[in-house]
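Here the structure is laid out as structure tokens; the discussion comes afterwards.
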Amino acid sequence: MADLIAYGTYVPRHRLERSSIGTALGSPAGKGRRAVAGYDEDATSMAVEAGRDALRAVGIDWALTRLLYATASPPYLDKTNANVVHAALRLDPSALAVDMMGSVRSGVGALLLAAETPGPTLAVLSDIRTGLPGSADEREGGDAAAAFVFATEGEPIARVIAQASSTDEFLDRWRLPGAPASRVWEERFGEHIYLPLADAAFADALKRAGVTPADVDVLVAAGTHGRAVKAFSAGSGVARVADDLGATVGNAGTAQPGLLLANVLDQAGPGQTIAVVVLADGATAVLLRVTEAITGYRRAKTVAAQVDSANPSLRYADFLSWRGFLTKEPPRRPDPVGPAAPPSHRSSHYKYGFVAHRCEECGTVHLPAVRICVQCKATDRMVEVPMADQLGTVATFAIDHLAYSPSPPVIAAVVDFDGGGRFSCQLTDADPAQVAIGDRVEMTFRRIITASGVHNYFWKARPVAKPSATAKEA
Amino acid sequence: MASRGIRDRVAIVGMGCTNFGEHWDRGVDDMLIESTQAAMASAGVSRDDIDAYWLGTAGSGTSGLTLSKVLRLEDKPVTRIENMCATGSEALRNACYAVASGAIDMAMAVGVEKLKDSGFSGLVGTVLPNDGTIPETTAPARFSLLAPAYAKKYGVDETELRDVLTRIAWKNHYNGARNTRAQFRKEVSKETIAKAAPIAGMLGVFDCSGVSDGSAAAIVVRAEDAPRYTDHPIYVKGLSFVSGPARGNIDSSYDFTTFPEVVSAARDAYAQAGVEDPRAEIAMAEVHDCFTPTELVLMEDLGFAERGFGWKEVLAGTFDLDGELPVNPDGGLKAFGHPIGASGLRMMFECWLQLRREAPEERRISSLERGRKLALTHNLGGQPGECVSFVSVVGIEPST
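Those protein sequences? They're chains G and S, same order as listed.
Just so you know, the first sequence maps onto residues 1157 to 1630 in my numbering.
Just so you know, the second sequence maps onto residues 145 to 544 in my numbering.
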């Protein structure tokens, strides 16, 4: 078994208050809020953000040999979605990148396979969850991503001490390809099947590790069958069950076990034993023991911090529109055109990796990467400089009411990076009324648009996170 | 190496210009026939006299066939030219050089654009296959960046700046109201302009030029031949064109308060024409007022106002029809409309009318009576930080 070396998470900024669903549809929709991926995000763009977070936390360039990307909401079929993550994280071409997709279970599967791979491996779990308007899936789902690096070398922050699974074929939750929402069988049937499966997997794992439920410090219980998860947790014999983030994020499906585990790790102490039990078409239990190194591994952007830096002002109508359940009148403009394959491939270091060119003669940083320096005119004297983690400042901007966007208006900004480099781009996750010259921004990987049947991935800038007003009050 | 120019070596001896506007009932061919035949009639020449044609159109046709097929030209070269919003001026520049070279005796430059057949709002450009990394923004958004940058640099508060932009739009609508060929022929109150629905940044709909159809044409001959065709030829004093390195979107020192390409094109054109003090010597200017802040910045870039004082000159009425240096007396892109390929030649058409004292009385400039003899046209295409720019200087008499 390899050990856990690093982890990262991504929770999108937008939150939908469940009460706003209730108000719109005239029926109670519960309390709390759910995380919502922006109109320009999908499972892959969020996977990139979580992956960046994990690699940033580890502090060094891991020569990753494998990338496993799990999601139940893959933006592409046939084509490997993981390659976008691979390109955006600037992984070595020799690394294998594969998708594990379609089902919620692939999330914990990717985690386990990463832990069992000898070479350094990144597992990224990402999901966008919704359902038909008014459904439980719509209000209880949440969008998020989590990433984990496992390796046999380096300083582990947690070791996998045992794992066990149970598998059974039954119909609890399913979705036909292309269907807008999942379907579920009668809830009590699922609970009936799930409970013994979960108990068996958990018991097996405990036995293999030679521990009892009382030795487990925290239980992370995940799964889309809320009732079964709750019942298993209650009967597990573990005193402390981790927060399921249902009130603040919602159930992130494939990514849920990763997000909940990361939240526990953010607060874990050395020597703690964590059990992760995932109820998804069977059950999988993973026991981890936290090492001393956890004390030196403290992230600035913890799950709690990401939960806090929320924008709760999302309107339900926009949520519906972003997820394709409400079609709005488009502007009287030509349909956008998708990116072409050859130019996208030629510029992949820039388009996906956000790598600029710096002139070795005069130091001028060029975005996009070009061959002749705009200042000193030297030809082919450029070196690549990664810009994705550079912060910048808004030099000037304009609110563009005419430009096409799935969520107008577009905020067009000119960003000057710390350390040099200017970049014209869109600002996202920003309130048009609040943008000001001098605002600090960070780069974020987005699905700019889908046109001509092609997803166009590229980078935007967004305001550096500030804790939300409600978080400040608390 | 030097830009020597062709001062007074060629002259414009005939011009034609269609009405600009929404020509639902007329196509590219109709507009080309009207503008070219009007130009020929004004010079008293026929198609057989013209040796070569330069056709400027940004997107209303490809190749010389767009013109030769319509006019049924036999055995004549037609060069189709595209250089963004400076397309019409670029057609004229190339026609002038061909005549100056001695290769031909008479050339026609014609510009045309049919924008209103697309059914879309605003301009629609052609998109080449690309990598999808070019940000989706529109021309008004890109040009709107000039306004806050200018206000910040020169300490103009937002309300004052709004007044300045409003004054520019108001002036150009005032002038357009006195022009039978203009797209918009009504004066617009300052209140209406200031309160218009936002398009981008602080720009409202009245800060944007008109999307329209139109065509204009000019006939160019060697200066010594000009008196054969007219008693009042317009002599070409300087022609300059700069296609920039697109530094502004890379270089953090670019502050969006100037078009360096315009500054250098103007410097070159003035040198060719022997203009030392444009503010004192130019009788009128037709400038590329695609958006109101563009005209403001151009007043400084073209040397009509000191840096940081253009806004005060605008408010003082310096560039009004009866001002010291009338700018866009025909209504400009704002009120005359902006059929891309035709605009540069439309600007020259106003110079042609004003310098020959053929403009209708209600919009006649007074600066000619004060002894000024030069007119200027200016185009730019692209956006702040990344553009092409054209400047010409023409006059009513050859230098002595």
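Note that the Cβ used here is the ideal one computed from N, Cα and C, for glycine as well.
Computed from a prediction, not measured in an experiment: that's the story for all the values here.
Taking buried to mean at least 16 other C-beta atoms within 10 Å of its own C-beta, is residue i buried or exposed?
| i | result |
| --- | --- |
| Lys-1507/G | buried |
| Pro-1486/G | exposed |
| Ser-151/S | The residue you asked about is not Ser; residue 151/S is Arg in the sequence shown. Arg-151/S is buried by the Cβ-count criterion. |
| Met-228/S | buried |
| Ala-1630/G | Because Ala-1630/G sits at a pLDDT of 36, beneath the cut-off of 50, its placement in the model cannot be relied upon, and the point is left open. |
| Ala-439/S | The question names Ala, yet the displayed sequence has Glu at residue 439/S. It counts as buried. |
| Thr-1626/G | Only weak support is given to the placement of Thr-1626/G: the predicted model assigns it a pLDDT of 47, under 50, and the value that follows is read from those uncertain coordinates. So Thr-1626/G ends up on the exposed side. |
| Leu-272/S | exposed |
| Phe-328/S | buried |
| Val-1442/G | buried |
| Trp-1341/G | exposed |
| Arg-1344/G | exposed |
| Leu-1362/G | buried |
| Asp-466/S | exposed |
| Phe-493/S | buried |
| Trp-168/S | exposed |
| Gln-1590/G | exposed |
| Met-145/S | exposed |
| Lys-1628/G | No answer about Lys-1628/G holds up, because its pLDDT of 41 lies below 50 and its placement is not dependable. |
In the DSSP output, which residue or residues are listed as bridge partners for residue i?
| i | result |
| --- | --- |
| Asn-227/S | Cys-229/S |
| Gln-527/S | Glu-530/S |
| Gly-158/S | Ile-363/S |
| Trp-1615/G | Phe-1601/G |
| Met-1538/G | Cys-1515/G |
| Asp-1283/G | Ala-1300/G |
| Gly-358/S | Glu-257/S |
| Ala-1318/G | Leu-1443/G |
| Asn-1407/G | Gly-1297/G |
| Thr-1277/G | Arg-1222/G and Phe-1306/G |
| Gly-1164/G | Ala-1303/G |
| Thr-1675/G | Because residue 1675/G is not part of the residues shown, which for chain G are 1157 to 1630, the question remains open. |
| Trp-1330/G | Arg-1339/G |
Are any of the Cβ atoms in chain S nearer than 8 Å to that of residue i?
| i | result |
| --- | --- |
| Ser-1392/G | no |
| Ala-1627/G | Bear in mind that the predicted position of Ala-1627/G carries a pLDDT of just 44, short of 50, making it unreliable; the figure below should be weighed with that in mind. No, Ala-1627/G does not count as interfacial toward chain S. |
| Val-1550/G | no |
| Asp-1437/G | no |
| His-1513/G | no |
| Pro-1413/G | no |
| Leu-1245/G | no |
| Ala-1630/G | Model confidence at Ala-1630/G stands at a pLDDT of 36, short of 50, so the residue's coordinates are unreliable; what they give is reported in the following sentence. So no, Ala-1630/G is outside the interface. |
| Val-1530/G | yes |
| Asp-1491/G | no |
| Ser-1580/G | yes |
| Pro-1369/G | no |
Counting contacts by CB-CB distance shorter than 8 Å, is residue i in contact with chain G?
| i | result |
| --- | --- |
| Arg-248/S | Here residue 248/S turns out to be Ile, not Arg, going by the sequence shown. Cβ-Cβ to chain G under 8 Å: no for Ile-248/S. |
| Val-268/S | yes |
| Ile-394/S | yes |
| Glu-280/S | yes |
| Leu-289/S | yes |
| Gly-345/S | yes |
| Val-271/S | yes |
| Ala-486/S | no |
| Ser-265/S | yes |
Can you determine whether any heavy atom of the ligand NAD sits closer than 7 Å to the C-beta of residue i, and answer yes or no?
| i | result |
| --- | --- |
| Ala-1307/G | Within the structure as shown, the ligand NAD is missing, as the structure has no ligands at all. |
Would you say residue i reaches chain B, if we count a Cβ-Cβ gap shorter than 8 Å as a contact?
| i | result |
| --- | --- |
| Ala-1617/G | Absent from the structure: chain B. Protein chains present are G and S. |
Residues in the region 1582-1613 of chain G having any Cβ partner in chain S nearer than 9 Å: Within the region 1582-1613 of chain G, the residues whose Cβ lies closer than 9 Å to some Cβ of chain S are Gln-1582, Ile-1593, Ile-1604, Ile-1605, Ala-1607, Val-1610, Asn-1612 and Tyr-1613, listed in chain order.
Against chain G: residues of the region 298-321 of chain S by CB proximity under 8 Å: For the region 298-321 of chain S, which is checked against every Cβ of chain G, not one residue is closer than 8 Å.
Between the region 1532-1561 of chain G and chain S, which residues of the former have CB atoms less than 8 Å from a CB of the latter, in chain order? Along the region 1532-1561 of chain G, going in chain order, the ones with a CB nearer than 8 Å to a CB of chain S are Ala-1551, Thr-1552, Phe-1553, Ala-1554, Ile-1555, Asp-1556, His-1557, Leu-1558, Ala-1559, Tyr-1560 and Ser-1561.
To be precise: take each residue of the region 328-342 of chain S, compare its Cβ to all Cβ atoms of chain G, and keep it if any distance is under 7 Å. Which residues remain? Hits within the stretch, in order: Pro-342.
Just checking, does the region 373-387 of chain S make contact with the region 338-352 of chain S on the three C-beta pairs under 8 Å criterion? Touching, no.
Quick test of the definition: if touching needs 3 or more C-beta pairs under 8 Å, does the region 240-251 of chain S touch the region 478-490 of chain S? Contact fails between the region 240-251 of chain S and the region 478-490 of chain S, because fewer than three Cβ pairs, one in each stretch, are under 8 Å apart.
So if I threshold CB-CB distances at 8 Å, which residues from the region 1232-1259 of chain G count as touching chain S? Taken residue by residue, none of the region 1232-1259 of chain G has a beta-carbon sitting less than 8 Å from a beta-carbon on chain S.
Could you list the residues in the region 1499-1526 of chain G with a C-beta less than 9 Å from some C-beta on chain S, going in chain order? Listed in sequence order: Pro-1499, Ser-1500, His-1501, Arg-1502, Ser-1503, Ser-1504, Tyr-1506, Lys-1507, Thr-1520, Val-1521, His-1522, Leu-1523, Pro-1524 and Val-1526.
Check whether the region 1223-1243 of chain G and the region 1255-1271 of chain G touch, using three or more Cβ-Cβ pairs below 8 Å as the test. By the C-beta criterion, the region 1223-1243 of chain G is judged to be in contact with the region 1255-1271 of chain G, since at least 3 inter-stretch pairs fall below 8 Å.
Per the contact definition of three or more C-beta pairs closer than 8 Å, is the region 203-221 of chain S in contact with the region 176-184 of chain S? Contact between the region 176-184 of chain S and the region 203-221 of chain S is present, with at least three C-beta pairs closer than 8 Å.
In chain order, what residues of the region 1473-1490 of chain G put their CB closer than 9 Å to some CB of chain S? The residues in question are Pro-1487, Arg-1488, Arg-1489 and Pro-1490.
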